[in-house]
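Q:
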Amino acid sequence: MKNSLKARLLFYFSVSMVIILFSMGFVLVTSLKLQRIADRRFEDEKFLQELKTHLSDLQLPLEHYLSTYSSSSLSKLLFIMETLGSSVPSARPVTSDESDLIKREIYFLMDAYLEQLNQIIEQKRGRKVQQYIQSYDEIINLYRYINSRINAVSLIGFRVQLEEYQNFLDLFRRMQLYNILQILMATAFAFSLLMQTVNNITSPMYQLSGMAGKLSGGLFDIPDVHLSSVNEVNQVAEAFNDMKHNIHHYIEELQKQKEMEQQIMKERVRNLKMEQLLKRMELYTLQAQMNPHFLFNTINTGVQLAIVEEADRTAEFMENLARLFRYNIREKQFFVPLRHEIEGLQSYYNILRIRFPKTLKLRLDVDDELLDRFDCPAMVIQPLVENSVLHAFKKKGGKGTVSVSVRYEDPVLIISVRDDGVGIPDDTVKMLLTPHVHDYQLSSKVMGLENVIQRCYFLYPDQKDVIDINTSRDNGTEILIRIHTEVQPCIRL
Amino acid sequence: MNNFLKFLSFFFGAVFSIFLFLSISLMIRNPFISGNNNEGASVKKYNYAFFLPKADASFIRSLRQGAADAAKSLDCAVSFHPIDSDPLSFEMACFSGFDGFGLYLYEDDKKKLQQLSEILKKGIPVVQIENEVTQSPGSFFIGTNNFDVGKGIARLALETGRKKINMVLVYSKKNPGVITDGRLIEMGIKSVMGERLSVLRTEETSLNPLDAEILVHDLLNEESSIDIIVLTDYNDTLVTVQSIIDMNLVGVVNIIGFGDHETIKSYIDKGVILGSIVRNPYRIGFSTVMALKEISENGYTSAYVDTGITILSGRMQ
Numbered sequence: 020m021k022n023s024l025k026a027r028l029l030f031y032f033s034v035s036m037v038i039i040l041f042s043m044g045f046v047l048v049t050s051l052k053l054q055r056i057a058d059r060r061f062e063d064e065k066f067l068q069e070l071k072t073h074l075s076d077l078q079l080p081l082e083h084y085l086s087t088y089s090s091s092s093l094s095k096l097l098f099i100m101e102t103l104g105s106s107v108p109s110a111r112p113v114t115s116d117e118s119d120l121i122k123r124e125i126y127f128l129m130d131a132y133l134e135q136l137n138q139i140i141e142q143k144r145g146r147k148v149q150q151y152i153q154s155y156d157e158i159i160n161l162y163r164y165i166n167s168r169i170n171a172v173s174l175i176g177f178r179v180q181l182e183e184y185q186n187f188l189d190l191f192r193r194m195q196l197y198n199i200l201q202i203l204m205a206t207a208f209a210f211s212l213l214m215q216t217v218n219n220i221t222s223p224m225y226q227l228s229g230m231a232g233k234l235s236g237g238l239f240d241i242p243d244v245h246l247s248s249v250n251e252v253n254q255v256a257e258a259f260n261d262m263k264h265n266i267h268h269y270i271e272e273l274q275k276q277k278e279m280e281q282q283i284m285k286e287r288v289r290n291l292k293m294e295q296l297l298k299r300m301e302l303y304t305l306q307a308q309m310n311p312h313f314l315f316n317t318i319n320t321g322v323q324l325a326i327v328e329e330a331d332r333t334a335e336f337m338e339n340l341a342r343l344f345r346y347n348i349r350e351k352q353f354f355v356p357l358r359h360e361i362e363g364l365q366s367y368y369n370i371l372r373i374r375f376p377k378t379l380k381l382r383l384d385v386d387d388e389l390l391d392r393f394d395c396p397a398m399v400i401q402p403l404v405e406n407s408v409l410h411a412f413k414k415k416g417g418k419g420t421v422s423v424s425v426r427y428e429d430p431v432l433i434i435s436v437r438d439d440g441v442g443i444p445d446d447t448v449k450m451l452l453t454p455h456v457h458d459y460q461l462s463s464k465v466m467g468l469e470n471v472i473q474r475c476y477f478l479y480p481d482q483k484d485v486i487d488i489n490t491s492r493d494n495g496t497e498i499l500i501r502i503h504t505e506v507q508p509c510i511r512l
Numbered sequence: 089m090n091n092f093l094k095f096l097s098f099f100f101g102a103v104f105s106i107f108l109f110l111s112i113s114l115m116i117r118n119p120f121i122s123g124n125n126n127e128g129a130s131v132k133k134y135n136y137a138f139f140l141p142k143a144d145a146s147f148i149r150s151l152r153q154g155a156a157d158a159a160k161s162l163d164c165a166v167s168f169h170p171i172d173s174d175p176l177s178f179e180m181a182c183f184s185g186f187d188g189f190g191l192y193l194y195e196d197d198k199k200k201l202q203q204l205s206e207i208l209k210k211g212i213p214v215v216q217i218e219n220e221v222t223q224s225p226g227s228f229f230i231g232t233n234n235f236d237v238g239k240g241i242a243r244l245a246l247e248t249g250r251k252k253i254n255m256v257l258v259y260s261k262k263n264p265g266v267i268t269d270g271r272l273i274e275m276g277i278k279s280v281m282g283e284r285l286s287v288l289r290t291e292e293t294s295l296n297p298l299d300a301e302i303l304v305h306d307l308l309n310e311e312s313s314i315d316i317i318v319l320t321d322y323n324d325t326l327v328t329v330q331s332i333i334d335m336n337l338v339g340v341v342n343i344i345g346f347g348d349h350e351t352i353k354s355y356i357d358k359g360v361i362l363g364s365i366v367r368n369p370y371r372i373g374f375s376t377v378m379a380l381k382e383i384s385e386n387g388y389t390s391a392y393v394d395t396g397i398t399i400l401s402g403r404m405q
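Taken in sequence, the protein lines are chains A and B.
Read in order, the letters of the first sequence correspond to residues 20 to 512 in this note's numbering.
Read in order, the letters of the second sequence correspond to residues 89 to 405 in this note's numbering.
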């Protein structure tokens with residue numbers, strides 16, 4: 020409640036008004052005081068002049084009474100005497116001020132005058148002619164002296180006032196200057212207080228509007244607004260912070276949802292692709308089933324013919340070829356035991372040895388323990404060897420070597436196919452290692468290799484290093500397949 | 089922005105307070121407002137009136153100063169009135185409510201004496217300054233014993249070593265108190281000088297400060313046997329000295345001056361003036377107020393106070 024806008028405005032307004040009213044009141048009091056001072060300067064003078072007038076008023080009735088013995092003159096005389104007597108102050112303090120001393124003297128002289136007047140009236144009543152005539156002379160002297168003393172004190176007062184006048188004017192001007200400056204400062208003070216209050220309210224508003232602008236720009240990581248303004252503004256800031264958090268949370272939720280949808284879409288596209296691939300494979304398989312069976316039967320016939328004709332090497336060649344065909348035809352699954360893959364490779368090796376007895380050296384390095392322990396994607400090693408045999412040694416003379424090794428580096432099964440051929444150009448490697456849907460426009464020269472690579476990517480979509488090609492010009496090529504044994508392939512048939 | 093406004097508020101508030109403080113302090117300090125313009129406004133117990141010659145002589149000024157200082161230190165008020173130029177003032181004195189009088193009467197004026205007796209009749213204490221014109225209960229004297237003044241003059245005169253001395257004693261209206269008691273001075277001179285005083289002639293100067301010059305010229309022109317001129321006023325002393333110098337009679341005619349002004353002292357040092365009689369008017373004024381207050385409070389004081397004289401001479405240097 021204390022910090023509310025209403026309370027603050029009320030407080031500052033009250034403070035400002037009090038200060039301004041105080042200043043103006045002070046100015047008023049000062050002015051009145053100065054006026055009173057000015058008045059007081061003439062009060063004594065006025066009083067003395069009144070006394071003088073009373074004294075003067077007494078002269079005529081006195082003369083009239085003494086000359087005519089008139090009762091009306093006497094009553095008038097007595098009335099003025101009474102008035103005069105009550106006018107003369109009884110308190111007559113002694114001070115060292117000259118004017119005060121003369122005034123005191125005047126009051127005593129007035130007492131003497133009134134006493135003598137009474138005496139004259141008594142003498143007149145007693146018909147003491149000689150005495151009242153003498154007393155009259157004396158009282159006239161006293162009257163003149165009193166007048167001269169009043170004039171003297173007036174003169175002194177006038178001189179003093181004249182001396183004081185400049186000082187009084189200086190004082191008055193200085194007081195006025197201070198008072199005006201006081202009012203100006205009080206007004207400025209009140210105005211600055213008001214501006215401070217307004218600023219206390221508007222400044223947080225500007226801050227809030229700036230924050231709102233940032234929020235509208237999608238910047239939700241801005242820190243919370245903490246204001247020390249009036250309660251109302253502080254509440255707005257808190258509400259703003261809550262709103263910011265809520266919007267942030269809501270947008271995060273929306274983003275998550277969107278990501279999930281994208282994931283689902285991706286998954287769906289992949290499934291569609293896979294479906295397409297499967298259908299295509301199925302089609303290929305169906306197409307291929309015709310010729311391989313025919314070829315297989317033909318090769319078997321050739322094997323029997325070679326045995327009958329006692330052509331042992333031909334028979335061995337044909338037998339290996341038939342074994343390789345049988346493996347190819349038989350393995351319709353995506354994954355096969357490593358033993359089957361190696362057996363297929365050995366058949367292929369035997370064929371190659373017969374084909375290239377002098378120019379090709381083949382090596383196989385596989386630990387027997389691994390053969391039954393792990394599976395591997397079907398038909399991956401033979402195409403790689405075939406790729407090396409077909410392309411690695413074309414422009415290279417001499418004897419080429421192709422080495423296949425399989426090793427296990429827990430938990431990764433590493434299949435390496437290495438040759439010491441001419442190597443593969445970098446751009447081809449880059450293109451090959453880019454995951455993509457099979458493109459039949461690609462050179463048929465690398466089709467087997469591409470097939471293996473894309474299949475690996477397909478089966479292990481989250482394992483980017485599932486296949487790698489290390490090659491350099493004239494220093495051969497090594498193709499590495501890394502099968503993470505703890506990671507399940509995306510499809511397993 | 090907010091800090092700037094806070095600074096502004098503080099600044100204006102501070103300046104406002106300064107002007108408020110200045111206003112209030114001006115009001116408090118200013119005698120018009122605080123009522124302190126009347127320095128002597130504090131209430132005193134007694135009010136004494138001094139009736140003095142109007143002559144603006146240093147003697148009277150010093151006497152007034154002594155009385156005023158005594159009034160300040162003894163917490164009473166004094167007022168000064170002319171005794172010669174405004175007879176009505178003295179005439180009305182007994183009606184004026186004064187608690188005591190210091191009177192410097194120097195003439196045998198019947199009216200003044202009558203007025204004095206009126207005052208004494210009313211039981212108001214009176215101190216007669218320098219000249220005791222009347223002796224009555226309630227009247228007291230404070231001043232210099234003029235007989236002693238005469239003796240002092242004579243001693244100075246004897247220092248000249250002259251066997252027979254022709255002396256001129258010049259009174260002055262500028263110092264009227266001496267005129268009244270002139271006889272006492274003359275007696276004092278005669279009592280000390282005896283037969284060595286050949287002639288004692290008396291003269292009087294007016295209030296004109298240059299009157300002594302004419303007098304000295306006339307005296308020395310008409311009578312060349314004058315040995316010593318005695319002055320009873322400071323102004324007359326200075327004028328006479330100048331005349332003697334002008335007439336080239338320094339050392340031929342000796343001067344006995346009056347007062348302790350620095351110029352007179354320097355003339356004494358140079359040997360132009362034989363010596364100077366110094367009374368103490370300040371002490372006279374001060375003692376008068378003291379005596380009046382004592383009478384007001386206790387009803388009595390010493391009936392006779394001699395404030396003494398001092399003789400300045402070359403021998404004393």
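Just so it is clear, CB atoms sit at the ideal spot from N, CA and C, and this is done for glycine as well.
Bear in mind that the values here come from a model prediction, so they are computed numbers and not experimental data.
#1: How is A/H264 classed by DSSP in three states: helix, strand or coil?
#2: Could you tell me how far apart the beta carbons of B/I344 and B/V329 are, in whole angstroms, since I believe they sit closer than 8 Å?
#3: Considering only their Cβ atoms, is the gap separating A/E251 from A/L28 smaller than 8 Å?
#4: Expressed to the nearest angstrom, what Euclidean distance is found between the alpha-carbon atoms of A/A209 and A/V37?
#5: Are the Cβ atoms of B/F168 and B/F138 separated by less than 8 Å?
#6: Under 8 Å, Cβ to Cβ, is there at least one residue of chain A near B/M255?
#7: Strictly under 8 Å for the Cβ-Cβ distance: is B/N91 near chain A by that measure?
#8: Using DSSP bridges, identify the partner residues of A/E497.
#9: Can you give the Cα-Cα distance for B/K381 and A/S109, rounded to whole angstroms?
#10: Bridge partners of B/M255, per DSSP?
#11: Check the C-beta distance from A/S491 over to A/G417 and give it rounded, since I have them as a contact under 8 Å.
#12: Touch check for the stretch 159-166 of chain B and the stretch 103-121 of chain A: three-plus C-beta pairs under 8 Å?
#13: Against chain A, which members of the stretch 207-233 of chain B pass a CB distance test of less than 8 Å?
#14: Which bits of chain B does A/N160 rub up against, with CB to CB less than 9 Å?
#15: Quick one: Cα of A/L461 to Cα of A/F393, how far?
#16: Between the beta-carbon of B/I397 and the beta-carbon of B/G240, is there less than 8 Å?
#17: Measuring alpha carbon to alpha carbon, tell me which residue in B/V214, B/S401, B/Y370 is nearest B/D157.
#18: If you run the structure through DSSP and keep just helix, strand and coil, what is B/C182?
#19: Could you have a look at B/V366 and say whether DSSP puts it in helix, strand or coil?
#20: Going by DSSP, what residues sit across from A/H503 in a beta bridge?
#21: Using the Cβ count rule (16 or more neighbours within 10 Å means buried), how would you classify A/L174?
#22: Can the beta-carbon of A/Q482 be found less than 8 Å from the beta-carbon of A/H455?
#23: So which of A/R437, A/N470, A/V436 has the shortest CA-CA distance to A/L451?
#24: Just to check my reading of the structure: B/F107 and A/L200 have Cβ atoms closer than 8 Å, yes? What is that Cβ distance to the nearest angstrom?
#25: For B/L362 versus B/S401, is the C-beta spacing smaller than 8 Å?
#26: Tell me which residues share the same chain as A/S463 and place their Cβ nearer than 6 Å to its Cβ, disregarding the 5 neighbours each side in the sequence.
#27: How should B/S161 be labelled, buried or exposed, when 16 other C-beta atoms within 10 angstroms of its C-beta is the threshold for buried?
#28: Use the C-beta contact count for B/I112: other C-beta atoms within 10 angstroms, 16 or more gives buried, fewer gives exposed.
#29: Rounded to a whole number of angstroms, what is the C-alpha to C-alpha distance between A/Y31 and A/T216?
#30: Do three or more CB pairs link the stretch 350-368 of chain B to the stretch 180-199 of chain B at distances below 8 Å?
#31: Using the Cβ count rule (16 or more neighbours within 10 Å means buried), how would you classify B/A102?
#32: For the alpha helix (DSSP H) containing A/N198, list its first residue and its last residue.
#33: Near A/L136, what residues of its chain come up, given a Cβ to Cβ distance below 8 Å and the 5 sequence neighbours on each side ignored?
#34: If you measure between the beta carbons of B/T351 and B/N368, is that distance less than 8 Å?
#35: Under 7 Å Cβ-Cβ, which residues of chain E neighbour A/P112?
A: Short version:
#1: Translated into the one-based positions of the first sequence, residue 264 of chain A becomes position 245. It is helical.
#2: The residue labelled residue 344 of chain B in the question sits at position 256 within the second sequence. The residue labelled residue 329 of chain B in the question sits at position 241 within the second sequence. Going by Cβ atoms, the distance from B/I344 to B/V329 rounds to 11 Å, so no, they are not a contact pair.
#3: Residue 28 of chain A sits at position 9 when you count from the first residue of the first sequence. Residue 251 of chain A sits at position 232 when you count from the first residue of the first sequence. No, Cβ-Cβ distance for A/L28 and A/E251 is not below 8 Å.
#4: In the first sequence, residue 209 of chain A corresponds to position 190, counting from 1. In the first sequence, residue 37 of chain A corresponds to position 18, counting from 1. A/A209 and A/V37: Cα-Cα distance of roughly 10 Å.
#5: Residue 168 of chain B sits at position 80 when you count from the first residue of the second sequence. Residue 138 of chain B sits at position 50 when you count from the first residue of the second sequence. Contact: yes.
#6: Counted from its first residue, the second sequence places residue 255 of chain B at position 167. With 8 Å as the cut-off, B/M255 does not count as an interface residue toward chain A.
#7: Along the second sequence, read from residue 1 onward, the residue named residue 91 of chain B stands at position 3. By this cut-off, B/N91 is not an interface position.
#8: As a working mapping, residue 497 of chain A is identified with position 478 in the first sequence. A/E497 pairs with A/R437, A/N489.
#9: Walking along the second sequence from the start, residue 381 of chain B turns up at place 293. Walking along the first sequence from the start, residue 109 of chain A turns up at place 90. Using only the alpha carbons, I get a separation of about 23 Å.
#10: For the purposes of this step, residue 255 of chain B is taken as residue 167 along the second sequence, with counting starting at 1. Its beta-bridge partners are B/L288, B/I316.
#11: The residue you call residue 491 of chain A lines up with position 472 of the first sequence. The residue you call residue 417 of chain A lines up with position 398 of the first sequence. Not confirmed; about 18 Å, so no contact.
#12: yes
#13: Result list empty, no residue passes.
#14: Indexing the first sequence from 1 puts residue 160 of chain A at position 141. Those are L176, E179, M180, listed as they occur along chain B.
#15: For the purposes of this step, residue 461 of chain A is taken as residue 442 along the first sequence, with counting starting at 1. For the purposes of this step, residue 393 of chain A is taken as residue 374 along the first sequence, with counting starting at 1. Here the model assigns A/L461 a pLDDT of 47, short of 50, so the residue's position is not dependable and the matter cannot be decided.
#16: Position 309 of the second sequence holds residue 397 of chain B. Position 152 of the second sequence holds residue 240 of chain B. Yes, Cβ-Cβ distance for B/I397 and B/G240 is below 8 Å.
#17: Position 69 of the second sequence, counted from the first residue, corresponds to residue 157 of chain B. From the listed residues B/V214, B/S401, B/Y370, the smallest Cα separation to B/D157 is found for B/Y370.
#18: For the purposes of this step, residue 182 of chain B is identified with residue 94 of the second sequence, where counting begins at 1. Note: B/C182 maps to helix in three-state DSSP.
#19: What you label residue 366 of chain B is simply residue 278 of the second sequence in a count that begins at 1. The answer is strand: DSSP assigns B/V366 an E or B state.
#20: Counting from 1 along the first sequence, the entry for residue 503 of chain A is found at position 484. DSSP, once it has assigned bridges, lists A/V431 as partnering A/H503.
#21: Reading the first sequence from its first residue, position 155 is the one you call residue 174 of chain A. Per the 10 Å Cβ criterion, exposed.
#22: The residue labelled residue 482 of chain A in the question sits at position 463 within the first sequence. The residue labelled residue 455 of chain A in the question sits at position 436 within the first sequence. Taking a C-beta distance under 8 Å as the contact criterion, A/Q482 and A/H455 do not qualify as a contact pair.
#23: Counting from 1 along the first sequence, the entry for residue 451 of chain A is found at position 432. The shortest Cα separation from A/L451 among A/R437, A/N470, A/V436 belongs to A/N470.
#24: Counting from 1 along the second sequence, the entry for residue 107 of chain B is found at position 19. Counting from 1 along the first sequence, the entry for residue 200 of chain A is found at position 181. About 5 Å separates the two Cβ atoms, so the contact holds.
#25: As a working mapping, residue 362 of chain B is identified with position 274 in the second sequence. As a working mapping, residue 401 of chain B is identified with position 313 in the second sequence. A contact, by the Cβ cut-off of 8 Å.
#26: The residue you call residue 463 of chain A lines up with position 444 of the first sequence. Only weak support exists for where A/S463 lies, its pLDDT of 46 falling under 50; the value from the coordinates is given anyway. Once the five neighbours on either side are set aside, A/S463 has no close Cβ partner at all.
#27: Residue numbering aside, residue 161 of chain B sits at position 73 when the second sequence is read from its first letter. Burial call: exposed.
#28: Position 24 of the second sequence holds residue 112 of chain B. Burial call: exposed.
#29: Along the first sequence, one-based indexing puts residue 31 of chain A at 12. Along the first sequence, one-based indexing puts residue 216 of chain A at 197. So the two alpha carbons sit approximately 8 Å from each other.
#30: no
#31: Position 14 of the second sequence, counted from the start, is the residue given in the question as residue 102 of chain B. The residue in question, B/A102, is exposed, as its Cβ has fewer than 16 Cβ neighbours within 10 Å.
#32: As a working note, residue 198 of chain A is residue 179 in the first sequence. Taken as a continuous stretch (DSSP letters only), the alpha helix (DSSP H) holding A/N198 covers 148-235.
#33: Residue numbering aside, residue 136 of chain A sits at position 117 when the first sequence is read from its first letter. L77, L81, L96, M100, I158, listed in sequence order.
#34: Position 263 of the second sequence, counting from 1, holds the residue named residue 351 of chain B. Position 280 of the second sequence, counting from 1, holds the residue named residue 368 of chain B. Against a cut-off of 8 Å, the Cβ pair of B/N368 and B/T351 comes out as no contact.
#35: Judged by its chain identifiers, the structure shown contains no chain E, and its protein chains are A and B.
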